[in-house]
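Asks: Mind looking over this structure? Questions follow.
Residue numbers (this note's numbering): 6 to 247.
Pasting the structure below:
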């Protein structure tokens, strides 16, 4: 496990024992954020769970937000690796929706090992009370989604790309939050799949190929925004033979 970033600490731990205590506080904060959510979490609760005086916590972290920021640094470091892995594993035959299904499946897997990630992402969706850490995680995810959209829909206007990324990230939050839910027995996986289907249906409807009937059908329920290359064009541009 990486050392806690010094930027969110009152003091930089100089001894191994101090560094281990900082990591313990972050591990406990991760569990607390997962269990009660970011808004309901308190530094007193984290200190109690970690079995340390709250003054010890304040020695390293001035407030709850600093704990969240340090956890966000942990997650962003891992997510950068994940984004790199995903971007090097793109099948040109896949439509944007098919690729995003794999992306979301990987995010759900990551959620299992980064327990507070859903809580921090949800904290970035609270109007007027968004946490800085949640905003950073959301911005990081949104930036990479913009890159994926550009990759699958070349030439897409920036305004459409940005709006699409914002919608996708908001829907992705629902997927991640549902996957992390422990309130339901047996139904969470099915609901997660349903949310992913909503996300993919949105992308498929907005970015059909240029010869898709949606462009000329006056009764189409969702108007397309920009044509995406069809399978043949994707394979040709990648030099892949079908």
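We treat Cβ as the ideally placed atom computed from N, Cα and C, and that holds for glycine. In this text, all values refer to a predicted model and were calculated from it rather than measured experimentally.
Check whether the segment 98-113 and the segment 19-32 are in contact - that is, three or more C-beta pairs closer than 8 Å.
Replies: The answer is no - the segment 19-32 does not touch the segment 98-113, with fewer than three Cβ pairs under 8 Å.
Asks: Taking residue 155 as the reference, which of 234, 79, 199 and 228 has the closest Cα?
Replies: Ranking the options by Cα distance to residue 155, first place goes to 234.
Asks: Counting Cβ pairs closer than 8 Å, one from the segment 138-151 and one from the segment 66-79, do we hit at least three?
Replies: Segments in contact, yes.
Asks: Taking 8 Å as the limit between beta carbons, can you name the residues of its chain near residue 220, skipping five residues before and five after?
Replies: Closer than 8 Å at the Cβ level, and outside the excluded window around residue 220, lie 213, 229 and 232.
Asks: Exposed or buried, which one is residue 227 when buried takes at least 16 other CB atoms within 10 Å?
Replies: Looking at its Cβ environment, which holds fewer than 16 other Cβ atoms inside 10 Å, residue 227 is exposed.
Asks: Is residue 58 near the ligand SAH, going by C-beta to nearest heavy atom under 7 Å?
Replies: In the structure shown, the ligand SAH is absent, as is every other ligand, since no ligand is present at all.
Asks: Does DSSP put residue 6 in a helix, a strand or coil?
Replies: Model confidence at residue 6 stands at a pLDDT of 37, short of 50, so the residue's coordinates are unreliable; what they give is reported in the following sentence. It is coil, neither helix nor strand.
Asks: Residue 83 to residue 142, Cα distance in whole Å?
Replies: Their backbone Cα atoms lie some 11 Å apart in a straight line.
Asks: Please report how far the alpha carbon of residue 202 lies from the alpha carbon of residue 41, in whole angstroms.
Replies: Each residue's Cα considered, the two are about 28 Å apart.
Asks: Using C-beta distances below 7 Å, list every residue in its chain close to residue 173, excluding the 5 sequence neighbours before and after it, in chain order.
Replies: These residues qualify, in order along the chain: 150 and 204.
Asks: Beta-carbon separation of residue 38 and residue 125 under 8 Å?
Replies: A contact, by the Cβ cut-off of 8 Å.
Asks: Specify the secondary structure class of residue 148 as computed by DSSP and reduced to three states.
Replies: Looking at residue 148 - three-state DSSP - the assignment turns out to be helix.
Asks: Please list the segments of the alpha helix (DSSP H) lying wholly inside the segment 196-237, counting only runs of 4 or more residues, in order along the chain.
Replies: Counting whole runs of 4 or more residues, the segment 196-237 contains no alpha helix (DSSP H) stretch at all.
Asks: Assuming residue 30 and residue 62 form a contact by the criterion Cβ under 8 Å, report the distance between their Cβ atoms to the nearest whole angstrom.
Replies: Their Cβ separation, rounded to whole angstroms, is 6 Å, which keeps residue 30 and residue 62 in contact under 8 Å.
Asks: DSSP three-state label for residue 66, please.
Replies: If DSSP states are grouped into helix, strand and coil, residue 66 belongs with coil.
Asks: With 16 other CB atoms within 10 Å as the buried threshold, where does residue 90 fall?
Replies: It is exposed - the Cβ of residue 90 has fewer than 16 other Cβ atoms within 10 Å.
Asks: What is the DSSP secondary structure of residue 119, counted as helix, strand or coil?
Replies: It is coil, neither helix nor strand.
Asks: Closer than 8 Å by C-beta to residue 211: which residues in its own chain qualify, once you throw out the five before and the five after it? Chain order, please.
Replies: Once the five neighbours on either side are set aside, the close Cβ partners of residue 211 are 169, 227, 229, 230 and 231.
Asks: Are the beta-carbon atoms belonging to residue 181 and residue 218 less than 8 Å from one another?
Replies: No, they are not a contact pair.
Asks: Report the rounded CA-to-CA distance for residue 119 versus residue 165, giving the unit in angstroms.
Replies: Straight-line Cα distance between these residues: approximately 31 Å.
Asks: Give me the Cβ distance between residue 32 and residue 48, rounded to the nearest whole Å; I'm assuming they're in contact under 8 Å.
Replies: At roughly 15 Å, the Cβ-Cβ gap does not stay under 8 Å, so residue 32 and residue 48 are not in contact.
Asks: Could you check where the alpha helix (DSSP H) with residue 45 kicks off and where it finishes?
Replies: No alpha helix (DSSP H) contains residue 45, which DSSP labels as neither H nor E.
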